[in-house]
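Participant:
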Amino acid sequence: MSFGSPLDLAGSTISVATPEGVRAAAKAALDSGATHYTDNSGISELREAVAGRLARTREVNVAADGEVLITSGVQEALYVALQVLVARNAEVVLVGPAPRADVELVEALGGNARVASCGADLQLNADAVADLITERTGVVLIHLPSATGQVVSRQALEVLADAIRKHDAYAIAVESDDASTALSAGQVSLAAIEGMRERTVTVGSFDAAGLDVWRVAYLAAPHETMRAMKRLKEEVSICAPAVSQYAALAACESHESDAREQGEQLEERRAAVAAALESTSLRYVVPEAGCFAFIESPDGTDVPALLLEAAQAGIRVADGGLCGADGWLRLTLCYEPALLTRAVSELAQLIVRDPSETRS
Amino acid sequence: MTVSSPSIAALETTDASGTALRYELVAEAAKMDDVIRLAVGDPDLPTPPHIVEAAKHAIDTGRASAPCDPSGLPELRAAVAEKLQRDNQVPMSPDGVVITTGAQAGLFVTVQTIVRPGDEVLVPDPGYPSYDTAIRVAGGTVVPVPTRQEDAFELNPAEVEARITPRTRVLLIVSPGNPTAGTVSPARVRELADLAKRHDLLVISDEIYEKLLYDGTEHLSIGSLPGMAERTITVNGFSKAYCMTGWRIGWVAGPESIMRQVAHRNELMAGSAPLVSQYAGLAALTGPQDAVAEYVEQYTRRRRFVLDTLDRLGLTYGMPRGGTYVFFNAASTGISAEALSRKLLAEAHVLIFPGTGFGANWSQYMRLAWLVPEPQIVEAMRRVEAVLAPKG
Numbered sequence: 253m254s255f256g257s258p259l260d261l262a263g264s265t266i267s268v269a270t271p272e273g274v275r276a277a278a279k280a281a282l283d284s285g286a287t288h289y290t291d292n293s294g295i296s297e298l299r300e301a302v303a304g305r306l307a308r309t310r311e312v313n314v315a316a317d318g319e320v321l322i323t324s325g326v327q328e329a330l331y332v333a334l335q336v337l338v339a340r341n342a343e344v345v346l347v348g349p350a351p352r353a354d355v356e357l358v359e360a361l362g363g364n365a366r367v368a369s370c371g372a373d374l375q376l377n378a379d380a381v382a383d384l385i386t387e388r389t390g391v392v393l394i395h396l397p398s399a400t401g402q403v404v405s406r407q408a409l410e411v412l413a414d415a416i417r418k419h420d421a422y423a424i425a426v427e428s429d430d431a432s433t434a435l436s437a438g439q440v441s442l443a444a445i446e447g448m449r450e451r452t453v454t455v456g457s458f459d460a461a462g463l464d465v466w467r468v469a470y471l472a473a474p475h476e477t478m479r480a481m482k483r484l485k486e487e488v489s490i491c492a493p494a495v496s497q498y499a500a501l502a503a504c505e506s507h508e509s510d511a512r513e514q515g516e517q518l519e520e521r522r523a524a525v526a527a528a529l530e531s532t533s534l535r536y537v538v539p540e541a542g543c544f545a546f547i548e549s550p551d552g553t554d555v556p557a558l559l560l561e562a563a564q565a566g567i568r569v570a571d572g573g574l575c576g577a578d579g580w581l582r583l584t585l586c587y588e589p590a591l592l593t594r595a596v597s598e599l600a601q602l603i604v605r606d607p608s609e610t611r612s
Numbered sequence: 012m013t014v015s016s017p018s019i020a021a022l023e024t025t026d027a028s029g030t031a032l033r034y035e036l037v038a039e040a041a042k043m044d045d046v047i048r049l050a051v052g053d054p055d056l057p058t059p060p061h062i063v064e065a066a067k068h069a070i071d072t073g074r075a076s077a078p079c080d081p082s083g084l085p086e087l088r089a090a091v092a093e094k095l096q097r098d099n100q101v102p103m104s105p106d107g108v109v110i111t112t113g114a115q116a117g118l119f120v121t122v123q124t125i126v127r128p129g130d131e132v133l134v135p136d137p138g139y140p141s142y143d144t145a146i147r148v149a150g151g152t153v154v155p156v157p158t159r160q161e162d163a164f165e166l167n168p169a170e171v172e173a174r175i176t177p178r179t180r181v182l183l184i185v186s187p188g189n190p191t192a193g194t195v196s197p198a199r200v201r202e203l204a205d206l207a208k209r210h211d212l213l214v215i216s217d218e219i220y221e222k223l224l225y226d227g228t229e230h231l232s233i234g235s236l237p238g239m240a241e242r243t244i245t246v247n248g249f250s251k252a253y254c255m256t257g258w259r260i261g262w263v264a265g266p267e268s269i270m271r272q273v274a275h276r277n278e279l280m281a282g283s284a285p286l287v288s289q290y291a292g293l294a295a296l297t298g299p300q301d302a303v304a305e306y307v308e309q310y311t312r313r314r315r316f317v318l319d320t321l322d323r324l325g326l327t328y329g330m331p332r333g334g335t336y337v338f339f340n341a342a343s344t345g346i347s348a349e350a351l352s353r354k355l356l357a358e359a360h361v362l363i364f365p366g367t368g369f370g371a372n373w374s375q376y377m378r379l380a381w382l383v384p385e386p387q388i389v390e391a392m393r394r395v396e397a398v399l400a401p402k403g
C-alpha cells in the first residue's frame, strides 16, 4: 500500500481555511492599530454579535453586557468555567463520551470526575447520565454535539435538565459551533431547555471560520456567574487577542454561509467513509455532526500496536479514547472523499486480521 | 444559584476593593471629555511595522490557521531559547520553553502547576495583584515581602529570608517591577540566588520589563547564575518591549522537568497561544531591534518630565529605574491617594490610579504610567501642577 506520503487522520480537528473576508478583517484591524488591550470582556461589537447569534440560532437569550465574555479560546473558556464552579472535591459528572482532557482538567482542579458512559454506538444514554446526577453533583459537563459528533436530542437534554434542576447542580455546555455542526444538524442548546438558562454556562467558538488556533471563543452565562468568570479571566490572560476578536466579528457575519459550505463538504466525506466501511465486517459509527468517524476495535485487539502498525503502513489514526470512545479508533475526516475511501479500505484490512495475532 | 468554588473566595479577597476602584475610576473617566489617562499599563506606541507585516503574511498564507503544537511553534521556542542564551546568559533549550497567551497567562499557569495547596510564595510588596490571585487560586499563601521607597523599592534579601518558613516553596522576583518600577541590582540578585539555593526554593522571575531600563541600570537574570537554571522559571513576553499588549503572546522557560508539567497544564487550561501572534512574536525576536531603543528613548524623555514635575510639587517617589511607571507618595498633599485620584480626575481631567490596588499598605501612594504621547504627558503634568501647586 502506498499513498505517496503518510496520511494523518489522527488530528483533533480538521484544518479549516479561514475565509477571505475574515482574513481581510483581521488585517484591516491590524492596520487600524488593533494591537492594544481590549475591554477585558471583549470588544462590545463581538459580544453583541455573539448574543445576537445565540438568540437567532440557539434560542438562548443573553445580554451582551454582563452575560457574554470573550475568551482566549475554548480551552480557556472551559478552564475558567470549571475553576469558578468546581470546589475542591466537588463531584463533576462528565457526560460520555467524555474527552480525556476534560477528565484531566476536572481532576487537576481538585474535582471528583465521574464519567457517565455512553451507549454501545457512542450515543449518549440520558437515563444513565441522569442516574449519575445526585445531590453530591456540583457540575454536569456536556459537549453538544457530543465529543464524538453525535447530535444530542432535545428529549435527551430534557431528561438531563430534570436531573440537574432536581439536584440543584450547574451545567457547562461546550457547544461546538464548527462547520460540522452547522445549523442543519439541529443541535439544541442546553440553555434553551426550560429552566436551564439560569444554571448553564455555554462555551462557544468560531471554528466554522477556521479560528480555532486564533484563540478566540466565548462564554455565555447568567450575570452572577459571569461576574466571577470575568474576574478570573482578566487575571488569567487580561483579554482575548485583539486581532482574533476582529476576525471573530467578521466570522459572525459570514457564519451561516461558511458553515453551510463546510458542512456540505463534510457530508460528502461522511458518506464516502460510511460506504467504504459498510462493505466490511467492522462495526463503525459515522456521527451526523463533528469531523470524525469511528471504527470499533474487535475484541482482543491490541489497540496501541494496531495504531503503530497503521502508522507504519502510512495511515495515522487516533485512539478513540481521546474523545471518550474507548475501544474505538478515531478517524478525522480531513481528506477528500476518494482518499478517505482508500485509507479506510486499507485500514479495514489491517483490522480484520485475527485480533489475537501478535503485533510487534 | 450561587457559585461556590473557593477560587471565587480567592478572587473576592484578592484586593477586590482596589480592582473595583480602578474600574470605577476608568468608568468615570469614560464619561468625561478630554481626559488624559496616565493609568493603564498599555503602551501607546505602535507595534513595529515588520512585526505586523509578519502577522499579515501568516494570515495570507494560511499559517495563522494551521494546527500547532500546544507548546508553541518550534521556531519560536528556538528563538526564545536563543534569546535567553544570548541576551540573558540563561542556558536554555527549546524543550524548556512554552509559548503562552501572554506573559500573564504564562505566569498564571506556571503558578497553578508548581504551587500546591498550603505552599507559601514570597512576593514583593507592593506588587501586581494578579500574582496574588494566581497564588490563591492554586491554594497557596501569599507572603508579602515589603519594599521601601527609600530603597527605590528594591527587593531586600534580608527581608526575604526573614519570611522563609518550612512551607515556603517559591520566591517571585519581578525586575523591573510593577507598580514600583523598582529593579533588583546584580549584587542583590546574587544574594537572592544564594538564598534560593540554601533554602531549596523555586524562583519565578518575571522579566517582562527587562528592556526598559534607565540611568544605566543593569538587568541580571537570576536563571543565569550557577545552580539557578534548574530552579528558575523565567516569565517574559513581547507586550512591553515591542508594544504588543493586544496580541496576547508571551512565554515561560525553565528546567525541562518542570516545563513538561507546565506545558501539559497549559494544554489543559489554554491550548496553544494564538498562532497569528506567535508569528508576530517570531518576527519580534528575529527581526530588527531598533524600535525597542526608540521606545526607551521616548520613555526616558517622558519619565524625566514626570519626575521633574513631581519634584517641583514635593511629591516623593522610589526612583523608577525600569519599566513604565513611577510609584509616588501622595502623603504631602494631606489627602489619601484615592481622594487625590478622584480630585485629579474631576479637576484636572487626568486619571492616575491610587496605590490601593497594589497592596494593603499603599493607600498613600499612586501609580503613574507614562504611556501617552509626550505632548499629552506635558499637558497632563501641567494640569496636575495647576491643581496641586500651592496657590498665591
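Chains as they are written, first to last, in my numbering: chain Y, 253 to 612; chain P, 12 to 403.
The beta-carbon is built from N, C-alpha and C at its ideal position, and this holds for glycine as well.
Are the C-beta atoms of Ser496 of chain Y and some chain P residue less than 7 Å apart?
Facilitator: Yes, because at least one Cβ of chain P sits closer than 7 Å to the Cβ of Ser496 of chain Y.
Participant: DSSP has Ala571 of chain Y in a bridge; who is on the other side?
Facilitator: The amino acid at residue 571 of chain Y is misidentified as Ala; the sequence shows Asp. Answer is Y:Leu581, bridged to Asp571 of chain Y.
Participant: Can you find a C-beta in chain Y that's less than 7 Å from the C-beta of Arg88 of chain P?
Facilitator: Not one chain Y Cβ lies under 7 Å of Arg88 of chain P.
Participant: I'd like to know whether the C-beta atoms of Ala269 of chain Y and Tyr498 of chain Y end up nearer to each other than 7 Å.
Facilitator: Contact: no.
Participant: Is the beta carbon of Ile260 of chain P sitting closer than 7 Å to the one on Ser216 of chain P?
Facilitator: Cβ distance not < 7 Å, so Ile260 of chain P and Ser216 of chain P don't count as in contact.
Participant: Under the DSSP definition of a beta bridge, which residues are partnered with Tyr328 of chain P?
Facilitator: BP columns for Tyr328 of chain P point to P:Phe339.
Participant: Can you give the beta carbon distance from Leu393 of chain Y to Val347 of chain Y, rounded, assuming they're within the 8 Å contact cut?
Facilitator: Contact holds; Cβ gap of about 7 Å.
Participant: Please classify Glu161 of chain P: does DSSP put it in a helix, a strand, or coil?
Facilitator: Three-state DSSP puts Glu161 of chain P in a helix.
Participant: If you compare alpha carbons, which of Y:Phe458, Y:Asp420, Y:Ser457, Y:Arg467 is closest to Arg449 of chain Y?
Facilitator: Looking at the Cα atoms, Y:Asp420 is the closest of the given residues.
Participant: Kindly give me the distance between the Cβ atoms of Val126 of chain P and Arg48 of chain P, rounded to whole angstroms, as I take these residues to be in contact under 8 Å.
Facilitator: About 34 Å; that fails the 8 Å criterion.
Participant: Looking at the secondary structure, which residues open and close the beta strand (DSSP E) in which Met377 of chain P lies?
Facilitator: First-last of the beta strand (DSSP E) with Met377 of chain P: 376–380.
Participant: In chain P, which residues lie less than 7 Å from Ala353 of chain Y when you measure between Cβ atoms?
Facilitator: Correct list: Leu279.
Participant: What is the rounded straight-line gap between the Cα of Leu412 of chain Y and the Cα of Ile385 of chain Y?
Facilitator: If you take the alpha carbons of Leu412 of chain Y and Ile385 of chain Y, they lie about 9 Å apart.
Participant: Cβ of Val525 of chain Y within 7 Å of Cβ of Val538 of chain Y?
Facilitator: For Val525 of chain Y and Val538 of chain Y, yes; Cβs fall inside 7 Å.
Participant: For Trp258 of chain P, go through chain Y and note every residue whose CB falls closer than 8 Å to its CB, in chain order.
Facilitator: Those within 8 Å of Trp258 of chain P in chain Y are Thr287, Pro493, Ala494, Val495.
Participant: Regarding Val268 of chain Y and the ligand GTP, is the C-beta to nearest heavy atom distance less than 6 Å?
Facilitator: The ligand GTP is absent from the structure shown, which contains no ligand whatsoever.
Participant: According to a CB-to-CB cut-off of less than 7 Å, which residues of the segment 461–475 of chain Y neighbour chain P?
Facilitator: Those residues of the segment 461–475 of chain Y that come within reach of chain P (Cβ to Cβ, closer than 7 Å) are Gly462, Val465, Trp466, Arg467.
Participant: Using 7 Å as the limit for Cβ to Cβ distance, is Ser257 of chain Y near chain P?
Facilitator: Closer than 7 Å: no.
Participant: Apply the 10 Å Cβ neighbour rule to Lys42 of chain P and answer buried if 16 or more other Cβ atoms are within range, or exposed otherwise.
Facilitator: Lys42 of chain P comes out exposed.
Participant: Which same chain residues end up closer than 8 Å to Gln619 of chain Y when comparing Cβ atoms and leaving out the 5 residues on each side of it in sequence?
Facilitator: A query on residue 619 of chain Y cannot be resolved here, the shown segment of chain Y reaching from 253 to 612 and no further.
Participant: Name the DSSP beta bridge partners of His230 of chain P, please?
Facilitator: According to DSSP, His230 of chain P bridges with nothing at all.
Participant: Name the DSSP beta bridge partners of Pro135 of chain P, please?
Facilitator: Paired residues: P:Val156.
Participant: What residues in its chain sit with their C-beta under 8 Å from that of Glu328 of chain Y, if we drop five residues either side in the sequence?
Facilitator: Contacts found: Arg467, Ala469, Lys485, Val488, Ser489.
Participant: Among P:Ile244, P:Lys222, P:Asn372, whose alpha-carbon lies nearest the alpha-carbon of Asp301 of chain P?
Facilitator: Taking only the C-alpha atoms, the option nearest Asp301 of chain P is P:Lys222.
Participant: Helix, strand or coil, according to DSSP, for Glu308 of chain P in the structure here?
Facilitator: Glu308 of chain P falls in the helix class under three-state DSSP.
Participant: Can you give the beta carbon distance from Lys11 of chain P to Val317 of chain P, rounded, assuming they're within the 8 Å contact cut?
Facilitator: Lying before the first or after the last residue shown, residue 11 of chain P is absent from chain P, which here runs from 12 to 403.
Participant: Please compile the residues from chain P whose C-beta is within a distance smaller than 8 Å of the C-beta of Leu357 of chain Y.
Facilitator: The contacting residues are Leu279, Met280.
Participant: Please state if the CB of Ala472 of chain Y and the CB of Val274 of chain Y are separated by a distance shorter than 7 Å.
Facilitator: No.
Participant: May I have the straight-line CA-CA distance separating Phe119 of chain P from Leu182 of chain P, to the nearest angstrom?
Facilitator: Cα-Cα distance, rounded: 15 Å.
Participant: Would you verify that the beta carbon of Leu282 of chain Y is, or is not, closer than 7 Å to some beta carbon of chain P?
Facilitator: Yes - at least one Cβ of chain P is within 7 Å of the one on Leu282 of chain Y.
Participant: To the nearest angstrom, report how far apart Ala595 of chain Y and Gly401 of chain Y are at their CA atoms.
Facilitator: Taking the straight line from one Cα to the other gives about 21 Å.
Participant: Using only CA atoms, which one of Y:Gln439, Y:Glu359, Y:Glu516, Y:Leu599 lies nearest to Ala562 of chain Y?
Facilitator: Ala562 of chain Y has its Cα closest to that of Y:Leu599, out of Y:Gln439, Y:Glu359, Y:Glu516, Y:Leu599.
Participant: Can at least three beta-carbon pairs, one atom from the segment 90–105 of chain P and one from the segment 156–169 of chain P, be found at a separation below 8 Å?
Facilitator: The segment 90–105 of chain P is not in contact with the segment 156–169 of chain P.
Participant: Using the three-state DSSP reduction, which class does Phe546 of chain Y fall into: helix, strand or coil?
Facilitator: Of the three classes helix, strand and coil, the one that applies to Phe546 of chain Y here is strand, per DSSP.
Participant: Could you tell me whether the Cβ of Pro190 of chain P comes closer than 7 Å to any Cβ of chain Y?
Facilitator: With 7 Å as the cut-off, Pro190 of chain P does not count as an interface residue toward chain Y.
Participant: Taking the C-alpha atoms as reference points, what is the distance between Thr297 of chain P and His230 of chain P?
Facilitator: Straight-line Cα distance between these residues: approximately 21 Å.
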